[in-house]
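A short write-up of the structure that comes next.
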Amino acid sequence: MPGVRMMYKKSILFEIVQRKNPGTPVESFTLTIPPENMEIEEDQRISETETFGGVFLDDYGEGLKPIRISGHTGGSTLRLTYSRGSSKNKGKKFDGRSAFFYFRDTLMRYKSVESRKTTYQNYDLYIYDLSTIPAKQDISMYPIENIAEGYACYLKKFKMTRSKERPLFYNYSIELVAVRALGTYNEMAKSPVPSTNNPLSLIGALRRGLRLTKGYFTDVRNVMDSVSDVLDVIDDLEGQLRAFINQAGDLVYYPFALASRVLTMIVGLTDLAEAAYTTMVVTAGKSETTFYNILSILRGTSSSSAALVAYSKTPDASARLINKISREDSRVQSSIAQFKDLTEQESEITSNVLSQSIATETIYYIYGYIIVSARQDTTLERLSIEYFDSVDFIELIAIFNGIKGDSEIESGDQIRIPVITKGKNPENNYVYSDLRGDIYGSDIRLDASGKVVVMASGDLARVEGVDNLVQAANLRLNDQLGSRLRLTLYGIQDSIGFARGETTPVAYVIVGIKDTLM
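The numbering of the sequence shown is our numbering, which starts it at 760 and goes up by one.
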């Protein structure tokens, strides 16, 4: 029964690979019987936000791929398996029981193996669907990642079940999370960016990795040209880093844009190098292990360049800090400042307005700084006036230099004066303005008969606030019009009473709104 014993050709290959040498698996095993069920989810990173204004969708691209595999390893029939690398089961036959326990102990428990208990994080789990390999292709003649669909995975759960109906059958259930398809760079589950206190130390690591890459890909022109381009940009980056660290020049700033450019170029270079597998290994006959070692080194340079970008977010690279200065004034304070030259009567402010408070925020974007040597008479106030023509920047200078007051400034200290641009703020915004319009307005006061009210002084009396709204509504509900409001010809369906009542204007407004909506 050769067909039964060779069922692995339509099964799933599991491999444990070392990250620094992914070309040669340290352990591998193909399930001797294809799984009964295999489920792969193609998740997407979609964020949904539902509001009164509608539903807003943010699409961040592909997400992780949950994979669920279940089946059994068979009974007493001996079956061949397929393995690669340094695995010890090459050419062996397994019955159902021995296949299950070998698979469980070496693959599913790879983190518990004595030699990997403390270093399991340096290993990855790969799976390949061998059923995707065309029948005419020999699995031993091609790199498996080029002919089979495969994924780099994290193992979430492994479960074994047995039943009394088939006691010799070992059923398994495996839950995995695929972080990337094999043959592609990992863009979803990223390794932590290495930290550094000295960005210059990473420049040497970048150059070493790129020179090794250039020495290996001597016959691949596009890779060679790309390496040369990156090295040229790194030379410029090193010069700007030294100027930043030594605080040289009129304007000191961290070269964030140049560091980001280097990272982008190295990621593109890595893609070119991966695509050169056929040229280097199949055509030129170079070692597959060496090829993957060079790729690993190149990915290490990508991590180093990412660390240079991440360094710009640290306090040491404060040239890219964005500081916000918020100042909250009460209505009393702001009104005193605005109406200080007016008479008491002209600047009449009601108590309910004075008790309110608003926050005004000014945003300053800092893109560099200049160095100033402190003298005996240097103070934060003097620096603020000298460089910003205002005392409002005392707090900004103090925060930027990490000091609390003038007492911490000594003669000879290097004070950093930030170079800033002003961001947008709610200045002259109607909502935030202290001079917001009065929604009720004011008018000449009328008596119950509709005549103008004259005060004892001879001046016309005024009506303001809600009273003005009531008076205006009552003017529309005078005796001449009041009798007509009951007629449906005018669009008002309900009786609202007669004019001159305190509640009548309110009822009039409510009915008007109601009829408009209906």
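Every residue, glycine too, gets a C-beta built ideally from N, C-alpha and C.
Since the structure is predicted, the reported quantities are computational estimates derived from the model, not experimental observations.
Any idea which residues DSSP pairs methionine 983 with across the strands? Along the sequence shown, one-based indexing puts residue 983 at 224. According to DSSP, which records beta bridges pairwise, methionine 983 is partnered with nothing at all.
Are isoleucine 1130 and isoleucine 1156 touching if we call contact CB-CB under 8 Å? To locate residue 1130, count along the sequence shown from 1; it is residue 371. To locate residue 1156, count along the sequence shown from 1; it is residue 397. At a Cβ-Cβ threshold of 8 Å, isoleucine 1130 and isoleucine 1156 do not count as neighbours.
Short of 7 Å in beta carbon distance, which residues of its chain neighbour tyrosine 861, apart from the five on each side in sequence? Order them along the chain. Translated into the one-based positions of the sequence shown, residue 861 becomes position 102. Taken in chain order, the residues that qualify are Phe788, Asn848, Phe853.
Do aspartate 817 and serine 806 count as a contact pair if the criterion is CB distance below 8 Å? Within the sequence shown, the letter at position 47 stands for residue 806. Within the sequence shown, the letter at position 58 stands for residue 817. Yes, Cβ-Cβ distance for serine 806 and aspartate 817 is below 8 Å.
Among Arg804, Val986, Gly813, which one has its Cα closest to the Cα of glycine 822? Working through the sequence shown from its first residue, we reach residue 822 at position 63. Among Arg804, Val986, Gly813, the Cα nearest to that of glycine 822 belongs to Arg804.
Can you look up methionine 1214 in the DSSP assignment and give me helix, strand or coil? Residue numbering aside, residue 1214 sits at position 455 when the sequence shown is read from its first letter. Coil.
Do the stretch 875 to 888 and the stretch 768 to 779 meet, that is, are 3 or more Cβ pairs less than 8 Å apart? Counting C-beta pairs closer than 8 Å gives three or more between the stretch 875 to 888 and the stretch 768 to 779, which meets the contact rule.
In whole angstroms, what separates the C-alpha of isoleucine 771 from that of valine 989? Here the question's residue 771 lines up with position 12 in the sequence shown. Here the question's residue 989 lines up with position 230 in the sequence shown. C-alpha separation (whole angstroms): 40 Å.
Between the beta-carbon of glutamate 786 and the beta-carbon of serine 846, is there less than 8 Å? Position 27 of the sequence shown, counting from 1, holds the residue named residue 786. Position 87 of the sequence shown, counting from 1, holds the residue named residue 846. In this structure, glutamate 786 sits near serine 846, with a CB-CB distance shorter than 8 Å.
Please name the residue in Ser960, Arg966, Glu795, Glu908 whose C-alpha comes closest to that of arginine 939. Residue mapping note: residue 939 aligns to position 180 of the sequence shown, counting from 1. Comparing Cα-Cα distances from arginine 939 to each of Ser960, Arg966, Glu795, Glu908, the minimum goes to Glu908.
Indicate whether at least one CB of chain B lies closer than 8 Å to the CB of aspartate 991. Although the question refers to chain B, the structure presented lacks it and comprises just one protein chain.
Are valine 774 and arginine 843 touching if we call contact CB-CB under 8 Å? Translated into the one-based positions of the sequence shown, residue 774 becomes position 15. Translated into the one-based positions of the sequence shown, residue 843 becomes position 84. Per the sequence presented here, residue 774 reads as glutamate, with valine not at that position. Going by C-beta atoms, glutamate 774 is nearer than 8 Å to arginine 843.
Between lysine 824 and glutamate 801, how many whole angstroms is the CB-CB distance? I'm expecting something under 8 Å. Numbered from 1 along the sequence shown, position 65 holds the residue referred to as residue 824. Numbered from 1 along the sequence shown, position 42 holds the residue referred to as residue 801. About 6 Å; that satisfies the 8 Å criterion.
Using the Cβ count rule (16 or more neighbours within 10 Å means buried), how would you classify isoleucine 1203? Counting from one through the sequence shown, the residue named residue 1203 turns up at place 444. Counting Cβ neighbours within 10 Å, isoleucine 1203 comes out exposed, since fewer than 16 surround it.
My output table needs one value for threonine 840: the three-state DSSP class, helix, strand or coil. As a first step, residue 840 must be located in the sequence shown, where it is residue number 81. In the structure shown, threonine 840 sits in coil (DSSP, three-state: anything other than H, G, I, E or B).
According to the neighbour-count rule (16 or more other Cβ atoms, all chains shown, within 10 Å of its Cβ), is alanine 1337 buried or exposed? Because the chain is modelled from 760 through 1277, residue 1337 falls outside the range shown and cannot be assessed.
Return the bridge partner residues of tyrosine 913 from the DSSP annotation. Against the sequence shown, residue 913 aligns to sequence position 154. DSSP lists Val936 as partners of tyrosine 913.
Phenylalanine 811 (DSSP reduced to helix, strand or coil): Here the question's residue 811 lines up with position 52 in the sequence shown. It is coil, neither helix nor strand.
Need the endpoints of the beta strand (DSSP E) that valine 1222 sits in, please. For the purposes of this step, residue 1222 is taken as the residue at position 463 of the sequence shown. Per DSSP, valine 1222 belongs to the beta strand (DSSP E) from 1221 to 1223.
May I have the straight-line CA-CA distance separating threonine 1029 from phenylalanine 1050, to the nearest angstrom? Here residue 1029 refers to the residue found at position 270 when the sequence shown is read from its first residue. Here residue 1050 refers to the residue found at position 291 when the sequence shown is read from its first residue. A direct Cα-to-Cα measurement between threonine 1029 and phenylalanine 1050 gives close to 12 Å.
List the DSSP bridge partners of proline 1177. As a first step, residue 1177 is located in the sequence shown; it is residue number 418 there, counting from the start. DSSP lists Tyr1128 as the bridge partner or partners of proline 1177.
Per-residue burial, tyrosine 913 [other beta carbons within 10 Å of its own, 16 or more giving buried]: The residue given as residue 913 occupies position 154 in the sequence shown. With fewer than 16 other Cβ atoms within 10 Å, it is exposed.
Which residue comes first and which comes last in the beta strand (DSSP E) that contains lysine 851? Position 92 of the sequence shown, counted from the first residue, corresponds to residue 851. Note, lysine 851: premise wrong, no beta strand (DSSP E); not H, not E.
Where proline 784 falls, given that 16 or more other Cβ within 10 Å makes a residue buried: Position 25 of the sequence shown holds residue 784. With 16 or more neighbouring CB atoms inside 10 Å of its own CB, proline 784 falls in the buried class.
So, for glutamine 1097: in the same chain, excluding its five sequence neighbours on each side, which residues have a beta-carbon less than 6 Å away from its beta-carbon? Within the sequence shown, the letter at position 338 stands for residue 1097. Note that glutamine 1097 scores a pLDDT of 43, beneath 50, so its modelled location is shaky; the value from the coordinates is reported in the next line. Closer than 6 Å at the Cβ level, and outside the excluded window around glutamine 1097, lies no residue.
May I ask you to report which of helix, strand or coil DSSP gives glutamate 873? Within the sequence shown, numbered from 1, the residue matching residue 873 stands at position 114. For glutamate 873, the three-state secondary structure derived from DSSP is helix.
Which of the three DSSP states, helix, strand or coil, is assigned to tyrosine 1189? In the sequence shown, counting from the first residue as 1, residue 1189 sits at position 430. In this prediction, tyrosine 1189 scores a pLDDT of 44, lower than 50, which makes its location untrustworthy; no coordinate-derived value is stated.
Euclidean distance between Cα positions of asparagine 981 and proline 794: Within the sequence shown, residue 981 is the residue found at index 222, counting from 1. Within the sequence shown, residue 794 is the residue found at index 35, counting from 1. Answer to the nearest angstrom: the Cα atoms are 43 Å apart.
Exposed or buried, aspartate 1100, counting other C-beta atoms within 10 Å across all chains shown (16 or more means buried)? Translated into positions along the sequence shown, residue 1100 becomes position 341. For aspartate 1100, the pLDDT reaches just 45, beneath the cut-off of 50, and the residue's location in the model is therefore unreliable, although a value from the coordinates is still provided. In this structure aspartate 1100 is exposed. Its beta-carbon is surrounded by fewer than 16 other beta-carbon atoms within 10 angstroms.
Cα-Cα separation, glutamate 1047 to alanine 1034: Against the sequence shown, residue 1047 aligns to sequence position 288. Against the sequence shown, residue 1034 aligns to sequence position 275. A straight line joining the alpha-carbon of glutamate 1047 with that of alanine 1034 spans about 14 Å.
What three-state label does DSSP hand aspartate 883 in the structure shown? Taking the sequence shown and counting its residues from 1, the one referred to as residue 883 is at position 124. Aspartate 883 falls in the strand class under three-state DSSP.
Host beta strand (DSSP E) of histidine 797 (start-end): Your numbering for residue 797 matches position 38 in the sequence shown. Position check: residue 797 holds methionine in this sequence, whereas histidine was assumed. Start and end: 796 to 799.
Based on Cα-Cα distance, which residue from Gly1200, Leu790, Tyr1036, Ile1144 lies nearest to threonine 865? Position 106 of the sequence shown, counted from the start, is the residue given in the question as residue 865. The option with the nearest alpha carbon to threonine 865 is Leu790.
Taking DSSP as the reference, what is the three-state secondary structure of threonine 1038? Indexing the sequence shown from 1 puts residue 1038 at position 279. DSSP places threonine 1038 in helix when its eight states are reduced to three.
Rounded to the nearest angstrom, what separates serine 1166 and glutamate 1145 at their Cα positions? Mapped onto the sequence shown, residue 1166 falls at position 407. Mapped onto the sequence shown, residue 1145 falls at position 386. Rounded to whole angstroms, serine 1166 to glutamate 1145 spans 19 Å at the Cα level.
Member of Ser1201, Lys1210, Tyr1036, Ser1208 whose CA lies at the smallest distance from the CA of glycine 1224: Here residue 1224 corresponds to residue number 465 of the sequence shown, with the count starting at 1. Cα-wise, what sits closest to glycine 1224 is Ser1201.
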